[in-house]
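Protein chains: 2
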Amino acid sequence: MAMEHLARLKTRLGEIDDLQRAAQVLSWDQSTYMPARGGAGRARQLATLGSLAHRLLTEPEVARMLAEAEAEVEAEGLPSDHADVVLLRVARHDRERAVRVPRALMEEIALATALAYDTWVAARSSDDFAAFAPHLQKNIDLTLRKTEHLGYDRHPYDALLEDNEPGMTTERLRSLFDDLRAGVTPLLEAIVAHADQVDDSVLYREYDEQAQLRFSEDVVRRFGYDFSRGRLDLTVHPFATSFGHGDVRITTRVSPTFLQMALMGTMHEAGHGLYEQNFAPELARTPLAHGSSGGVHESQSRLWENVVGRRRDVWDYLFPLAQQAFPEQLGDAEAETLYRAFNKVTPSLIRVEADEVTYNLHTMLRFELENDLLEGRLAVADLPEAWNAAMQRHLGVTPSTNTEGVLQDVHWSIGYFAGFPSYTVGNVLSVQFYDAAARAIPSIPGDLAAGRFDTLLNWLRENVYRHGRTYQPDALAERVTGSPITAEPYLRYLREKYGALYGVEAASAPPLPRQGEGGEGRA
Amino acid sequence: MAMEHLARLKTRLGEIDDLQRAAQVLSWDQSTYMPARGGAGRARQLATLGSLAHRLLTEPEVARMLAEAEAEVEAEGLPSDHADVVLLRVARHDRERAVRVPRALMEEIALATALAYDTWVAARSSDDFAAFAPHLQKNIDLTLRKTEHLGYDRHPYDALLEDNEPGMTTERLRSLFDDLRAGVTPLLEAIVAHADQVDDSVLYREYDEQAQLRFSEDVVRRFGYDFSRGRLDLTVHPFATSFGHGDVRITTRVSPTFLQMALMGTMHEAGHGLYEQNFAPELARTPLAHGSSGGVHESQSRLWENVVGRRRDVWDYLFPLAQQAFPEQLGDAEAETLYRAFNKVTPSLIRVEADEVTYNLHTMLRFELENDLLEGRLAVADLPEAWNAAMQRHLGVTPSTNTEGVLQDVHWSIGYFAGFPSYTVGNVLSVQFYDAAARAIPSIPGDLAAGRFDTLLNWLRENVYRHGRTYQPDALAERVTGSPITAEPYLRYLREKYGALYGVEAASAPPLPRQGEGGEGRA
Numbered sequence: 188m189a190m191e192h193l194a195r196l197k198t199r200l201g202e203i204d205d206l207q208r209a210a211q212v213l214s215w216d217q218s219t220y221m222p223a224r225g226g227a228g229r230a231r232q233l234a235t236l237g238s239l240a241h242r243l244l245t246e247p248e249v250a251r252m253l254a255e256a257e258a259e260v261e262a263e264g265l266p267s268d269h270a271d272v273v274l275l276r277v278a279r280h281d282r283e284r285a286v287r288v289p290r291a292l293m294e295e296i297a298l299a300t301a302l303a304y305d306t307w308v309a310a311r312s313s314d315d316f317a318a319f320a321p322h323l324q325k326n327i328d329l330t331l332r333k334t335e336h337l338g339y340d341r342h343p344y345d346a347l348l349e350d351n352e353p354g355m356t357t358e359r360l361r362s363l364f365d366d367l368r369a370g371v372t373p374l375l376e377a378i379v380a381h382a383d384q385v386d387d388s389v390l391y392r393e394y395d396e397q398a399q400l401r402f403s404e405d406v407v408r409r410f411g412y413d414f415s416r417g418r419l420d421l422t423v424h425p426f427a428t429s430f431g432h433g434d435v436r437i438t439t440r441v442s443p444t445f446l447q448m449a450l451m452g453t454m455h456e457a458g459h460g461l462y463e464q465n466f467a468p469e470l471a472r473t474p475l476a477h478g479s480s481g482g483v484h485e486s487q488s489r490l491w492e493n494v495v496g497r498r499r500d501v502w503d504y505l506f507p508l509a510q511q512a513f514p515e516q517l518g519d520a521e522a523e524t525l526y527r528a529f530n531k532v533t534p535s536l537i538r539v540e541a542d543e544v545t546y547n548l549h550t551m552l553r554f555e556l557e558n559d560l561l562e563g564r565l566a567v568a569d570l571p572e573a574w575n576a577a578m579q580r581h582l583g584v585t586p587s588t589n590t591e592g593v594l595q596d597v598h599w600s601i602g603y604f605a606g607f608p609s610y611t612v613g614n615v616l617s618v619q620f621y622d623a624a625a626r627a628i629p630s631i632p633g634d635l636a637a638g639r640f641d642t643l644l645n646w647l648r649e650n651v652y653r654h655g656r657t658y659q660p661d662a663l664a665e666r667v668t669g670s671p672i673t674a675e676p677y678l679r680y681l682r683e684k685y686g687a688l689y690g691v692e693a694a695s696a697p698p699l700p701r702q703g704e705g706g707e708g709r710a
Numbered sequence: 188m189a190m191e192h193l194a195r196l197k198t199r200l201g202e203i204d205d206l207q208r209a210a211q212v213l214s215w216d217q218s219t220y221m222p223a224r225g226g227a228g229r230a231r232q233l234a235t236l237g238s239l240a241h242r243l244l245t246e247p248e249v250a251r252m253l254a255e256a257e258a259e260v261e262a263e264g265l266p267s268d269h270a271d272v273v274l275l276r277v278a279r280h281d282r283e284r285a286v287r288v289p290r291a292l293m294e295e296i297a298l299a300t301a302l303a304y305d306t307w308v309a310a311r312s313s314d315d316f317a318a319f320a321p322h323l324q325k326n327i328d329l330t331l332r333k334t335e336h337l338g339y340d341r342h343p344y345d346a347l348l349e350d351n352e353p354g355m356t357t358e359r360l361r362s363l364f365d366d367l368r369a370g371v372t373p374l375l376e377a378i379v380a381h382a383d384q385v386d387d388s389v390l391y392r393e394y395d396e397q398a399q400l401r402f403s404e405d406v407v408r409r410f411g412y413d414f415s416r417g418r419l420d421l422t423v424h425p426f427a428t429s430f431g432h433g434d435v436r437i438t439t440r441v442s443p444t445f446l447q448m449a450l451m452g453t454m455h456e457a458g459h460g461l462y463e464q465n466f467a468p469e470l471a472r473t474p475l476a477h478g479s480s481g482g483v484h485e486s487q488s489r490l491w492e493n494v495v496g497r498r499r500d501v502w503d504y505l506f507p508l509a510q511q512a513f514p515e516q517l518g519d520a521e522a523e524t525l526y527r528a529f530n531k532v533t534p535s536l537i538r539v540e541a542d543e544v545t546y547n548l549h550t551m552l553r554f555e556l557e558n559d560l561l562e563g564r565l566a567v568a569d570l571p572e573a574w575n576a577a578m579q580r581h582l583g584v585t586p587s588t589n590t591e592g593v594l595q596d597v598h599w600s601i602g603y604f605a606g607f608p609s610y611t612v613g614n615v616l617s618v619q620f621y622d623a624a625a626r627a628i629p630s631i632p633g634d635l636a637a638g639r640f641d642t643l644l645n646w647l648r649e650n651v652y653r654h655g656r657t658y659q660p661d662a663l664a665e666r667v668t669g670s671p672i673t674a675e676p677y678l679r680y681l682r683e684k685y686g687a688l689y690g691v692e693a694a695s696a697p698p699l700p701r702q703g704e705g706g707e708g709r710a
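So the protein sequences, as listed, match chains V and Z.
For the first sequence, the residue numbers in my numbering are 188 to 710.
For the second sequence, the residue numbers in my numbering are 188 to 710.
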């Protein structure tokens, strides 16, 4: 017997997906081609699409559809990993979270964050934290109210993590960051003492912008990003976005005097794009056609940008292509020159410019501060000082302005807390997944060095990409790598790669000191 | 007292508008930047947006909202031309038409026309009318069923006209076409006898595509098209589209060996764009933020493309700019060279390439044939022969294939009947409006010749554009020009302009023979 209730539910979920993808098209356009004065109308259109999608998911009729479809599926005795059972589980999860937050609170948050964002833009450009402070306080208060509706056991942060990193907790993150810091700190100290080992001046020559875009496009096409189902456009803050299985787009930005920006940025977004392009087609128009989590998504951007794109022998393959693209600028260079330049490590003030070694220290700092803010251990007024002290403590640098300090990230201004850990989950998983691939298919390193990226891509497609949101991050990591999310492979990767690069062999970690919950772990 | 029912209705109408504009964004993207394989997902997203917008308009709740809002407005005693009264009248009109056609029939039409369109694309490329014929028959049958639901007094065509040209009837169109034919035929004969008067070879040199686009953009910016609220992109079949008051886009195409295509096409779409950019801002997100009709919309594309863009003294102003843009190609030319080339008259097979003199003969032919098809006087199997005979009769040319004959237009394949007359209403009104402007502000001709396009634009904004859909076409024409839609100004314009251009002065019209309804008027 056909499962007609399930079919009705799928129709509804398909409509919701259509609305969300339509909103993605509007957002992509807003960030690429929209004329200067299109913003006001666009904001209203996006609000309507979002509100209709929310309505289509939360109206009481859908609770009935779900229950009836669940009964049908149970009557059929389908196993718990059957696609329809997984779909119903995810749909119920999404709906239950969506109905928990009252509409009035959502609207209050939308209004407050719109105002806070505008204030932040101005405050950042005039280095005026005091102007932004009351809006940040308001965003914290509203976020705490939201977490009360969402519910949590120990930390309000846990309630927020559930959307970005389902299954992840504040406690586990604390332990993950402790491990990372314990491993990175001695390595970083050794690198800083040998900073003169790497010269990246080759990246700062004059590179024609069109040639950079063509080269970037060429490289990610070789990685396997499918331009018949995607495209590359320019924007201010690069991103990847999907309008469905046949249309997954990436964006980049380009500097005429810094080769790294467009190339590494394009590789990064292509990693996101490869994930989305390789969902199983049958997931299309369902809530499973998304990444497992923000962190798993980021693991793929970091895998293709860093683990592949900044790999020594991959540059033996890419370098002749780069030399063809930029014959004048790279005439006197070698593969090794570019490899070293792209992997220069420098403790710096700005997260988005951070290298593989220091990146997680930036996210750790934000993770600690936003927990302190949400749990009342830190007052908004004291935030800049706490930020600067933590920067000095972890990275040995101190911002001279709040613009290059606490005001640098957009996240808190738009009420987006608990988002930073996903970058670190992504860094860690990028190596965990790559190592698993190379264990499973020993030819992968050689294939990469020969420009045969499809061996790795096919393995990732089969093991990670095609499942979309079927598995939660830890379950996926267990299934694919034999272990849940863990820092050790990433730390080993850093030690080997940067030990060799900076001539600081075997900078091994001291025993890892574990810290108790809520302790002032950063002292 | 605040009119809360009216406010609720306006909220609903705003949401419907947001969905429709979102669909416009998706369609624009589909025609400009969408990757090759994005079509299937996009079609589903557009179907969902369309179906939700339809649902939001037709659900019974909206009938109550309307009635309650009307009661409020009546209680306030607002005059019949008050903005809220007009809005309610239009909203009721749109809703009543939307509920008349059963959902099942709409879906049947959507399915059949999608199939018919695909068949037409193939049939046109293989010159195979027989393959297309059954689909055309199906589209005619479904259209007739739709007209039964929509209702009409005399002709099924009238029911269809109501959407494109509200207030227009088959009878009036017949009379309008009779007048045009009577005026054009002797003029065209005289022109053909003097065809050697105009040499357009200057247009067929090699023109750099980027330079053409820059020049086209420059010209329409001078016309007053606002690029802070718009943009120009490349596409295959150019169009203009609006996502709201702050974002009205135009598209064009460009040939490296034909100067007319990009330039005149851009002027044409900019005319549509100027109309949409100059709706009163307070019409935004209401059903009044549209043109009065397809024909009135076309009148503005034709006014800026033809009446302004092909005007002799305007080329005194534009020519030095063109020469700067194309110094090599136009080094030996003069303003008069380009003016004459852009106004060459040739009876030809293809409507979209037709000049100002012959264009209405093409639309007349389609108007007659589609009426004959809908009223059963012509069988689909006999259509190609009837088409070719009519081409020979009216234009003196006969297609050698159906591809350059009856298969040339997309309209019937997508079930779009009664659309062609709008092109002619547009041609006729373009001159009617321009004449009214020049009567009201005698400096306009001199201003145009000096590149001061804002005098004309401001007059059009005040008298035509800002009203959006407030007035129906005839009411608007009466109000602005003192006369309903009529052929005489257009015929006088043609006689004067082309009489001078071809040296065939005073080719005056014979007395106009009127034909009875349903007569075989083309014999």
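Ideal placement from N, C-alpha and C gives every residue a C-beta, glycine not left out.
I want to verify the contact list: residues of chain Z whose CB lies under 7 Å from the CB of residue 202 of chain V, in sequence order.
235
Which complete beta strand (DSSP E) runs does the region 292-344 of chain V hold, if anything under 3 residues is left out?
none
On the criterion of 16 or more Cβ atoms from any shown chain inside 10 Å, does residue 766 of chain Z qualify as buried, or is it exposed?
Residue 766 of chain Z lies beyond the stretch modelled for chain Z, which goes from 188 to 710, so this question has no answer here.
So what does residue 435 of chain Z bridge to, in DSSP terms?
Z/429
According to DSSP, what are the bridge partners of residue 420 of chain V?
V/438
Report back the beta-carbon spacing between residue 545 of chain V and residue 375 of chain V to the nearest angstrom; my notes put them in contact at under 8 Å.
7 Å
To the nearest angstrom, report how far apart residue 709 of chain V and residue 240 of chain V are at their CA atoms.
Any reading at residue 709 of chain V needs caution, since the residue's pLDDT is 32, under 50, leaving its predicted position unreliable; the model's value is listed next. Using only the alpha carbons, I get a separation of about 42 Å.
For the alpha helix (DSSP H) holding residue 407 of chain V, just list the boundary residues, first then last.
396-410
Inter-residue Cα distance where the pair is residue 397 of chain V and residue 323 of chain Z
47 Å
Can you give the beta carbon distance from residue 547 of chain V to residue 371 of chain V, rounded, assuming they're within the 8 Å contact cut?
7 Å
DSSP bridge partner residues for residue 445 of chain Z (one or two, in chain order)
Z/442
Determine, using beta-carbon pairs with one atom in the region 460-469 of chain V and one in the region 582-593 of chain V, whether at least three such pairs fall under 8 Å.
no
List the residues of chain V that residue 232 of chain Z touches, going by C-beta distances under 7 Å, in chain order.
205, 208 and 209
Restricting to Cα atoms, I'd like to know which of Z/488, Z/566, Z/442 and Z/569 is closest to residue 543 of chain Z.
Z/488
Whose Cβ in chain V lies nearer than 8 Å to the Cβ of residue 629 of chain Z?
Correct list: empty, because the minimum Cβ distance to chain V is about 34 Å.
In terms of residue numbering, what span does the alpha helix (DSSP H) encompassing residue 218 of chain V cover?
191-219
For residue 485 of chain V versus residue 614 of chain V, is the C-beta distance shorter than 9 Å?
yes
Short Cβ contact (9 Å threshold) for residue 576 of chain Z with residue 565 of chain Z:
no
Span separating the alpha-carbon of residue 622 of chain Z from that of residue 663 of chain Z
15 Å
Distance, Cα to Cα, residue 712 of chain Z vs residue 652 of chain Z?
The structure shown does not extend to residue 712 of chain Z, since chain Z spans only 188 to 710, so no value can be given for it.
Where residue 221 of chain Z meets chain V, residues with beta-carbon distance less than 8 Å:
434
With burial defined as no fewer than 16 other Cβ atoms inside 10 Å of the residue's Cβ, what is the status of residue 537 of chain Z: buried or exposed?
exposed
Should the region 343-350 of chain Z be called in touch with the region 328-335 of chain Z, which here means at least 3 C-beta pairs below 8 Å?
yes
In angstroms, rounded to a whole number, what distance separates the CA positions of residue 601 of chain V and residue 303 of chain V?
7 Å
Going along the chain, which unbroken runs of the beta strand (DSSP E) with 3 or more residues stay wholly within the region 631-692 of chain V?
none
Cα separation between residue 631 of chain V and residue 642 of chain V?
6 Å
At least three beta-carbon pairs within less than 8 Å, the region 594-613 of chain V to the region 295-313 of chain V:
yes
So, for residue 616 of chain Z: in the same chain, excluding its five sequence neighbours on each side, which residues have a beta-carbon less than 7 Å away from its beta-carbon?
482, 483, 486, 664 and 672
Counting only Cβ-Cβ distances shorter than 8 Å, please list the residues of the region 467-479 of chain Z near chain V, keeping chain order.
471 and 472
Using beta carbons (cut-off 9 Å, strictly below), is residue 249 of chain V in contact with chain Z?
no
Residues in its own chain within less than 6 Å of residue 386 of chain Z by CB, not counting five upstream and five downstream?
none
Is residue 244 of chain V close to chain Z, meaning its C-beta is less than 9 Å from at least one C-beta of that chain?
no
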